[in-house]
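Numbering (this note's numbering), first residue to last: 2 to 346. Using N, Cα and C, we set each Cβ at its ideal position, and we do this for glycine too. In this text, all values refer to a predicted model and were calculated from it rather than measured experimentally. Quick notes on the structure that follows.
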Amino acid sequence: MRWIAVFALALAAPSSAVVRFHCSQLVVQRLDPLVNPGSIPSSHVHQIVGGNSFNATMDPKKDMPAESTCTTCQFSEDFSNYWTAVLYFRARNGSYKRVKQLGNNQFEKANGGLTIYYMQDAIYDPAQKSKVQAFQPGFRMFIGDISARTLEQASRFRQLTYVCMETWTQRSPETIAFPDRRCKEGIMTSMRFPTCWDGKNLDSPDHMAHMSYPETGTFESGGPCPATHPVRTSQVMFEVVWDTKPFNAMDWPEDGSNPFVWSFGDATGYANHADYVFGWRGDALQKILDYPCRFNCPDSGSKLQSIDGMNNCTQARVVDEDIDGWLTALPGGFQAEYGPTSASM
Numbered sequence: 002m003r004w005i006a007v008f009a010l011a012l013a014a015p016s017s018a019v020v021r022f023h024c025s026q027l028v029v030q031r032l033d034p035l036v037n038p039g040s041i042p043s044s045h046v047h048q049i050v051g052g053n054s055f056n057a058t059m060d061p062k063k064d065m066p067a068e069s070t071c072t073t074c075q076f077s078e079d080f081s082n083y084w085t086a087v088l089y090f091r092a093r094n095g096s097y098k099r100v101k102q103l104g105n106n107q108f109e110k111a112n113g114g115l116t117i118y119y120m121q122d123a124i125y126d127p128a129q130k131s132k133v134q135a136f137q138p139g140f141r142m143f144i145g146d147i148s149a150r151t152l153e154q155a156s157r158f159r160q161l162t163y164v165c166m167e168t169w170t171q172r173s174p175e176t177i178a179f180p181d182r183r184c185k186e187g188i189m190t191s192m193r194f195p196t197c198w199d200g201k202n203l204d205s206p207d208h209m210a211h212m213s214y215p216e217t218g219t220f221e222s223g224g225p226c227p228a229t230h231p232v233r234t235s236q237v238m239f240e241v242v243w244d245t246k247p248f249n250a251m252d253w254p255e256d257g258s259n260p261f262v263w264s265f266g267d268a269t270g271y272a273n274h275a276d277y278v279f280g281w282r283g284d285a286l287q288k289i290l291d292y293p294c295r296f297n298c299p300d301s302g303s304k305l306q307s308i309d310g311m312n313n314c315t316q317a318r319v320v321d322e323d324i325d326g327w328l329t330a331l332p333g334g335f336q337a338e339y340g341p342t343s344a345s346m
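Shown next, in the form of C-alpha cells:
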C-alpha cells in the first residue's frame, strides 16, 4: 500500500523536514480551553498531550514554555498542547467503556498519546523543498465539526480519517466514517490541519477562519495559498491509535454496525476533530523546519527526551468524575447519536 511504501522510503532516504515524533498522554478529562474556555468541566472528555501548564483557559498571552515544568513530547522544547476527543465502546445494553490509546509504531512503550507530524510538503515527497513558517506564540487552531453526522457535513474538511488496522503498520485505506468491522490491531485516527495562514491573526472566533486550505489543488499537490491566507505553514497532523482489540470478542450490535462512539455522542465518525495550541520554546520549531532532516531530526541540534521522560510528565485531573468504568451515559450526559436528526450540538 502506498502509505506503507512511503513510510519505508522516508526511513531509508534523506529528506528535508518531515518531522515525526510522539507525545505521551498528559491527562484525560473534560477540559477544552478552545471550545469551552474557562469551563470546568467542558462539554465532553478529551485526551491531552504536551506541556503540563495546560489549563481550562490557556490565555493567548500565556508563556507556555516558562510555565511548564515538563512536556510529554519527545522534543523537550515543545510545550504545545494537542488534544482530541476520546473514543468509547457502546455495549448492546447501552453502557459505555472508554477505549484507551496505544503508543504508535516505533513508540510502543509510550503511555498512549498522539504522534505528531510537521510537514513542508506531502509526506510521500522525499525532497520537502517548500519553505514554511513556524507558528507564533499565542497561535491556536481547531479542525472538524462536532455536529457533523453526514458525509456531506464532514466533506467540508479534508483528511479527517480512520484506518482499520489489520496489521500494526497498516495506514490505508482511509475512511471518513468509523470502520464497520472488527479491526485486528485497533483503529487509527488521523487529523490533518489546513496549511495557509492569514499572516495576521493568531486565532479567530471559530478557531478556523484564520487558516485555509490551498486555493486550488491540495497541500499534497502543492496548491497555492489564497490571497486572503498567503502564508504557507507546515501541515500539522495527528495520529492516534485506539486499542479496540479488547472489544473485538464482545457482543457487537446485532445488525453488525459500528459500536464505537466519540465522547460527545457521535457514532457515525463524521465529527472527528482536533485542537492545537502552539507552545514551542523560542525558534526551536523553525530551526527544525529549516534543517534537512526526517522524523525526530537528531542532527538538527534539537533536544530529545526518552520515552520514560515523556511518560513521567503527567497532570492530575481537576474534574472529579468516573470516565473509565462502565457508564450508563457518556460523561457530560451524552448518548450515542447515529444520524443528523439526533445531533444535538
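| Comparing the CB of Val241 with every heavy atom of the ligand SAH, is any distance shorter than 8 Å? | Looking at this structure, you won't find the ligand SAH or any other ligand, since it has none at all.
| field | Cutoff 6 Å; reference Gly218; Cβ partners in own chain excluding five residues on either side | value | Gly224
| Beta-bridge pairing of Thr190 - partner residues as DSSP gives them | Tyr163 and Val241
| said: Excluding the 5 residues flanking Ser96 on each side, which residues of the same chain have their C-beta closer than 8 Å to its C-beta? | reply: Trp327, Leu328 and Thr329
| request: Look at the Cβ atom of Phe136, then the Cβ atom of Thr234, and state whether they are nearer than 9 Å. | output: yes
| request: From the DSSP output, in three-state form, read off Asn249 for me. | output: coil
| query | Based on the DSSP output, what are the partners of Ser81 in its beta bridges? | reply | Ser81 is not bridged to any residue.
| message | Relative to the C-alpha of Gly113, which candidate in Gln336, Ser222 and Ile308 has its C-alpha closest? | response | Ile308
| How is Gly200 classed by DSSP in three states: helix, strand or coil? | coil
| task | Could you tell me which of Phe76, Val262 and Thr85 sits nearest to Val29, measuring between CA atoms? | result | Thr85
| DSSP puts His211 in a beta bridge; with which residues? | Answer is none; His211 lacks a bridge partner.
| field | DSSP-derived helix/strand/coil call for Lys98 | value | strand
| said: Between the segment 24-42 and the segment 247-255, can you find at least three pairs of beta-carbon atoms closer than 8 Å? | reply: no
| request: Starting from the N-terminal side, write out each stretch of the alpha helix (DSSP H) that is 4 residues or longer and does not extend beyond the segment 13-76. | output: 65-68
| field | Pick from Pro341, Val241 and Pro61 that is closest to Arg193, judged by C-alpha positions | value | Val241
| request: Within 10 angstroms of the Cβ of Val319, are there 16 or more other Cβ atoms? Answer buried if so, exposed if not. | output: exposed
| Is the distance from the Cβ of Val19 to the Cβ of Tyr118 below 9 Å? | yes
| message | Rounding to the nearest angstrom, what Cα-Cα distance links Gly270 and Ala210 in this structure? | response | 23 Å
| Which residue comes first and which comes last in the alpha helix (DSSP H) that contains Ala155? | Leu152 to Ala155
| What are the boundary residues of the beta strand (DSSP E) that Leu88 is part of? | Leu88 to Arg91
| query | Exposed or buried, Trp169, counting other C-beta atoms within 10 Å across all chains shown (16 or more means buried)? | reply | exposed
| Other residues of its chain near Gln316: CB distance less than 7 Å, five sequence neighbours each side excluded | Leu27, Val28, Asn53 and Phe55
| If we ignore side chains and look at the alpha-carbon of each, how far apart do Lys98 and Tyr292 end up? | 44 Å
| request: Express the C-alpha separation of Leu331 and Val133 in angstroms, rounding to a whole number. | output: 40 Å
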